[in-house]
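Data first, discussion second: the structure below is written as structure tokens.
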Amino acid sequence: MPIILFDIDGTLVRTGGAGKAAMEQALTSAFGVAELRDDVKYSGRTDGAIGRDLLVVHGIEPTLANQHKLRDAYLANLPGHLRERGGEVCPGIPALLAHLAAQPGAVLGLLTGNVRVGAQHKLAHFGLWDYFVCGGFGDDRYERDDVARAALAHTVAHLGRDVAPADVWVIGDTPHDVTCARAIGAKAVAVATGWHPLDELAGCAPDLLFSDLSDHTKLLAAWA
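Structure (structure tokens):
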């Protein structure tokens, strides 16, 4: 079995906008922002980049201290928004993770723009956190390619051996997931369970493309 690195939002789970709501509340609670502007893109980006850009568009100096202040307020707000909004696990994910976890030699990790604590909050809320043993996160990283490099390095450290990038598969729901897989020489699986439709994802030329992961047959055949 290969090394499989999963994105979170739109790939493993859909939180009903809990992350965005928690970030916007953080702007209000930590910086007193009274009028929120919806000028920052969230999809496929890191929490670090989102937080930095939110500060800029709201006229707040994006110093590291302010970025960390926003992050800490976001993390304090996130569990409550997850409980309020409910959300759902994406189709086929519980069965796929259970199957993979039972396979000898399978390595399940994360490659996500979420900061690590935020990733844990989201996946623990849905009972999925314990499946993952390594990964790269969006803590103080602004580019998904850098998160991919961190995920590969952490996987190597976890396994205690070199990893051939061609043995790594990245599964995600955005064009950024495909491009960051290419940045480390990994293969890419695109799944249209987030904000990006099949035709847009097809234009990124992933190795495999699915509307969702409810049927694992082709995916598992590629990893056999």
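Sequential numbering of the sequence shown, starting at 808, is according to this note's numbering.
We treat Cβ as the ideally placed atom computed from N, Cα and C, and that holds for glycine.
Its chain contains Met830, Ala833, Leu834, Ala837, Phe838, Gly858, Leu861, Leu862 as the residues whose beta carbon lies nearer than 8 Å to that of leucine 877, once the 5 sequence neighbours on both sides are disregarded; these appear in chain order. The shortest C-alpha to C-alpha distance from valine 940 to any of Ala997, Ala971, Tyr881, Ala908 is the one to Ala908. For cysteine 987, the enclosing alpha helix (DSSP H) has its first and last residue at 982-990. With contacts defined by Cβ atoms closer than 8 Å, alanine 926 and isoleucine 815 form a contacting pair. Two segments are said to touch when three or more pairs of C-beta atoms, one from each, lie closer than 8 Å; by this definition the region 906-921 does not touch the region 871-890.
Where leucine 1015 is concerned, the enclosing beta strand (DSSP E) starts and stops at 1015-1017.
A straight line joining the alpha-carbon of isoleucine 811 with that of glycine 967 spans about 17 Å.
In the displayed model, lysine 848 falls within coil according to three-state DSSP, outside both helix and strand. In this structure, Cys987 is the residue among Arg844, Cys987, Trp976, Asp974 with its C-alpha nearest to the C-alpha of tyrosine 949.
Below 8 Å, enough C-beta pairs join the region 885-902 and the region 817-830 to call them touching: three or more. With a contact defined as Cβ atoms closer than 8 Å, glycine 899 and histidine 1023 qualify at about 6 Å. Checking the DSSP bridge columns, you'll see glycine 979 partnered with Ala997. Every alpha helix (DSSP H) stretch that sits fully inside the region 838-885 and reaches 4 residues is listed by chain position as 854-864. Taking 8 Å as the cut-off, the Cβ atoms of alanine 964 and alanine 990 do not count as close. Around the beta carbon of tryptophan 976, a 10 Å sphere encloses 16 or more other beta carbons of the protein chains shown; the residue is thus reported as buried. When DSSP states are grouped into helix, strand and coil, arginine 951 belongs to the helix group. In the same chain as alanine 883, and ignoring 5 residues on each side of it, no C-beta atom comes closer than 6 Å to its own.
Using a 10 angstroms sphere on the CB of arginine 821, the tally of other CB atoms reaches 16 or more, which defines it as buried. Counting other Cβ atoms within 10 Å of its Cβ, proline 982 reaches 16 or more and is therefore classed as buried. Within its own chain, the residues whose Cβ lies closer than 7 Å to the Cβ of aspartate 974, once the five positions on either side in sequence are excluded, are Pro809, Ile810, listed in chain order. Distance from the Cα of alanine 931 is smallest, within the candidate group Ala971, Gly855, Leu889, Val996, for Leu889. For the set Gly942, Asp947, Asp946, Ala971, the Cα lying nearest the Cα of threonine 962 is the one of Gly942.
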